[in-house]
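Residue numbers (this note's numbering): 110 to 237.
Backbone N, C-alpha and C fix where the C-beta goes; we use that ideal spot for every residue, glycine too.
The structure displayed is predicted, hence computed values, not measured ones.
Here's the structure, in structure tokens; my notes come after.
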């Protein structure tokens with residue numbers, strides 16, 4: 110039998126304001142978004158009792174813990190974005206890393222995090 114992996118996906122959102130430093134255009138001014146977040150975790154072993162990779166409730170709770178750090182904030186005044194540009198790319202990496210810390214004890218790892226400012230565009234971060 111082939112070795113396989115499972116990937117689970119949860120979605121959430123948060124609202125925040127930001128201004129892109131050194132950007133030549135309107136986005137250099139403070140503005141806000143209702144950001145959408147998609148987090149994907151993966152693993153190769155199901156629990157023996159329920160035969161699930163990770164409870165979706167746990168995934169949603171852990172993702173919410175992370176997004177609450179930046180929800181309804183001026184990102185330019187919120188660490189680490191007080192020194193790092195609060196771009197969708199950097200938001201995706203931040204959420205990936207923070208979520209990873211919160212789920213590592215469950216025997217799964219974050220596969221990717223995607224952040225969208227609008228439905229038509231998104232930034233995805235993953236580590237190879």
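The C-beta separation of residue 231 from residue 224 comes to about 6 Å, placing the pair in contact by the 8 Å criterion.
Only exposed fits residue 132, as fewer than 16 other CB atoms lie within 10 angstroms of its CB. In the structure shown, the three-state DSSP call for residue 117 is strand.
According to the DSSP assignment, residue 132 belongs to no alpha helix (DSSP H), since it is labelled neither H nor E. Per DSSP, reduced to three states, the secondary structure at residue 152 is strand. In the DSSP assignment, residue 219 falls within the unbroken beta strand (DSSP E) covering 218-227. Judged by beta-carbon spacing, residue 162 lies beyond the 9 Å limit of residue 119, meaning their Cβ atoms are not closer than that value.
Our two residues, residue 170 and residue 198, have alpha carbons roughly 23 Å apart in a direct line. For residue 167, the secondary structure class from DSSP, reduced to helix, strand or coil, is helix. Checking the DSSP bridge columns, you'll see residue 194 has no partner listed.
The DSSP-derived three-state label of residue 201 is helix.
Contact between residue 149 and residue 116 holds, with the beta-carbon distance rounding to 5 Å and staying under 8 Å.
Taking C-beta atoms under 8 Å as the contact rule, residue 123 and residue 158 fail to qualify, at a distance of about 33 Å.
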